[in-house]
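Below is one structure; the comments refer to it alone.
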Amino acid sequence: MADSFYITTAISYPNGKPHIGHAYEAIAADVIARFQRLNGREVRFQTGTDEHGLKMAQKARELGMEPRALADEMSAHFIAMCDGLNVRYDRFLRTSEPDHHRASQALWQAMKANGDLYLDRYEGWYSVRDEAYYDESELVAGEGGEKLSPQGTPVEWTVEESWFFRLSKYQGQLLTLYRDNPDFLLPESRRNEMIAFVSGGLRDLSVSRTSFDWGVKVPGSEDHVMYVWVDALTNYLTGLDYPDKTGLFSEYWPADLHLIGKDIVRFHTVYWPAFLMSAGLPLPKQVFGHGFLLNRGQKESKSLGNVTDPMELADRFGVDVLRYFLMREVTFGQDGSYSPEAIVLKSNAELANSFGNLAQRVMSFIAKNCDGGFSAESEPTETDTALRSRVNGACRIELPEAFERLAFSNGLEAWMQAVFACNAYIDEQAPWALRKTDPERMRRVLATLCGCIRDLAVAVLPVIPTAASAILDALCIPEDQRDYAALTTDPAAGEIRVENPAPAFPRLELPEEAA
RNA sequence: GGGCCUGUAGCUCAAUUGGUUAGAGCAGAGCGCUCAUAACGCUUUGGUUGCGGGUUCAAGUCCUGCCGGGCCUACCA
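Residues in the first sequence are numbered consecutively from 601, following my numbering.
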């Protein structure tokens, strides 16, 4: 289908509760999904949890539970997070689901049929503590001259039977992909990184393990489970009922956008396209590696004790406020910093004082002075038309163009400029003075403003769905006129009605610890 | 250790890819307004672009060294 749009987040590893980074990615993906729906596209949005692997198995053992029970418990937190943040996914996929095992095995067999999987031995210096193999060159010498991992943990020479994927075979095709499709991997800095990585040569990839069994079984090799990334990446296909290629799959594959963190760019832009090439499937159109959120400029970690529960932020400041802050403050693709003070400051300045107050001052004026409704009879002046086209341009052209490039902060910047223009216009036109001198002119001014507020509210729907809808409700804008296509109409032309306007954004108090 | 990215006003970011006097918002200061969530508007203070060299008619932008931050280096967004 030409206007379908398939977007995914990375699936989260649920060996702990969701942190701010999970929330950030889910929100960004939801903003894109809502944005594309407003553009009239047939959107499918998938997120989920990546539940296999040694760490989950170990964590479960520590807690004396079955891995599946732990996965059930932890994935529930991720589902609750999405629901709590107004993240409207079409499918929440758990890799422990049977259909996912089927899909992973089907992909495996497709790669095998193409001659890209072979059984060999994996040997190397293995650190049990780090659960990782190290290259000889990475090892450091301990005090007694013994070999240690770069983290200083003991290593031993380990031999394990393993299936391998012929990654080396795809070096040329991958480099061609990056060269011919500059939009395949964004932002650009990440593409440079991957070109350098792939140009340096690719080793075949060990894609199965025998040391644990919490995973997808390798077909015909039941003592092996798939390397977790083979199984994890396949989730994007599972959600479309692969290996059935008739229904959802034919409609939505290839994916339009895999939204991921910058730390897993390699898996999505080297391994994943190579797997797909091997299986003879089309490649996703774009992978975008977003940046990380820093807590007051510092990375969050358990050892620093500065881990933030995103739901706590949402409860404290509001879901829309959190969503707006993350999209507005952080340049998408780069790292960003957040703090309670920054959230409060941004929300008060832009949402409460500028946009929310604009809507409220206009609507409550109409409710009080125009009996809640009216039609403007006089012709718009040049000033009215200028404001209207400025605001409409920001909402219908500038913001959507920026969002299309995932440049959310730029799009919202343009939107904010339009809000400022409206506030300047009210002060200049002073409808409260016109009320006594020229009521007809007053009505025209108010109608112009209502048209602008309609545009502004529709444009930000993807970011702050609840508050923007409340404003559109108060303006009595019908549900079917709340998308970008509807912005070509001029609501100031007809009857204006306002019902029960209420402030859309409360002013927030600065957190006490900041004082 | 290696690779890559990053450092611009107190804060968050721009700067058309080397081209006038480095621009916005927030925060601060002054004035105006009263419809509105003590909200809004106008004016304004504030920068040796991390530090040192170099290339160039011209450097925030390119090269180099140093300092700080980050990501990857075969299972944490």
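We put the beta carbon where it would ideally sit given N, CA and C, even for glycine.
Fair warning: this is a prediction, and the values are worked out from it, not measured in the lab.
Please tell me whether residue i and residue j are closer than 8 Å, where the distance is taken between their beta carbons.
i, j, result
"Pro843", "Ala1057", "no"
"Arg1097", "Gly956", "no"
"Asp915", "Thr1066", "no"
"Ala1092", "Ala1047", "yes"
"Arg1044", "Pro980", "yes"
"Phe765", "Asp720", "no"
"Leu777", "Pro873", "yes"
"Val816", "His701", "yes"
"Gly889", "Arg691", "no"
"Ser604", "Glu651", "no"
"Ala1014", "Ala1002", "yes"
"Gln649", "Glu625", "One detail in the question is off: residue 649 reads as Thr in this sequence, not Gln. Taking 8 Å as the Cβ cut-off, Thr649 and Glu625 do not qualify as a contacting pair."
"Ala623", "Phe932", "no"
"Ser878", "Asp716", "yes"
"Ala952", "Arg1054", "no"
"Ala1059", "Leu999", "yes"
In this structure, how does DSSP classify residue i when only helix, strand and coil are distinguished?
i, result
"Pro667", "helix"
"Gln886", "coil"
"Ile607", "strand"
"Tyr613", "coil"
"Gly724", "strand"
"Leu1108", "coil"
"Tyr689", "coil"
"Ala1114", "Below a pLDDT of 50, predicted positions are generally treated as unreliable, and Ala1114, at 38, falls in that range; no measurement from the model is reported."
"Ala760", "The residue asked about is misnamed: residue 760 is Glu in this sequence, not Ala. Strand."
"Leu1075", "coil"
"Val1063", "coil"
"Val643", "strand"
"Ser947", "helix"
"Met601", "Here Met601 scores only 49 on pLDDT, less than 50, and its place in the model is too uncertain to base an answer on."
"Gly936", "strand"
"Pro618", "coil"
"Pro754", "strand"
If you drop the 5 nearest sequence neighbours on each side, which residues of the same chain put their C-beta closer than 8 Å to that of residue i?
i, result
"Thr908", "His619, Ile620, Asn895, Glu900"
"Asp935", "Gly891, Phe892, Leu893, Leu894"
"Leu775", "Ile795, Val798, Ser799"
"Arg990", "Ala1018, Ala1021"
Which same chain residues, not among the five before or five after residue i, have their C-beta less than 7 Å away from its C-beta?
i, result
"Pro884", "Pro854, Ala855, His858"
"Met601", "Confidence is the limiting factor: at Met601 the pLDDT is only 49, short of 50, which leaves the residue's position unreliable and the question unanswerable from this model."
"Ala1085", "Gly640"
"Gly969", "Checking the displayed sequence, the identity of residue 969 turns out to be Asn instead of Gly. Closer than 7 Å at the Cβ level, and outside the excluded window around Asn969, lie Arg1035."
"Tyr689", "Phe645, Gln646, Thr647, Cys682"
"Glu1113", "Note that Glu1113 scores 46 on pLDDT, short of 50, meaning its location in the model is unreliable; the coordinates nonetheless yield the value given after this. Excluding residues within five positions, none has a Cβ falling inside 7 Å."
"Pro819", "Gln705, Trp708, Gln709"
Looking only at its chain, what residues have a beta carbon closer than 6 Å to the beta carbon of residue i, apart from the 5 residues adjacent to it on each side?
i, result
"Pro782", "none"
"Ala1007", "none"
"Phe925", "Ile943, Lys946"
Practice item. Tell me the start and end of each unbroken alpha helix (DSSP H) in the segment 780–866 that is at least 4 residues and wholly inside, in chain order. Key: 788–799, 828–838, 848–852
Review point. Is the number of C-beta pairs between the segment 803–815 and the segment 759–774 that are closer than 8 Å three or more?
Key: yes
Check your understanding: For the 8 Å Cβ check, are there 3 or more pairs between the segment 782–798 and the segment 825–836?
Key -> no
Review point. Is the segment 608–619 touching the segment 653–666 in the sense that three or more CB pairs, one from each, lie closer than 8 Å?
Key: yes
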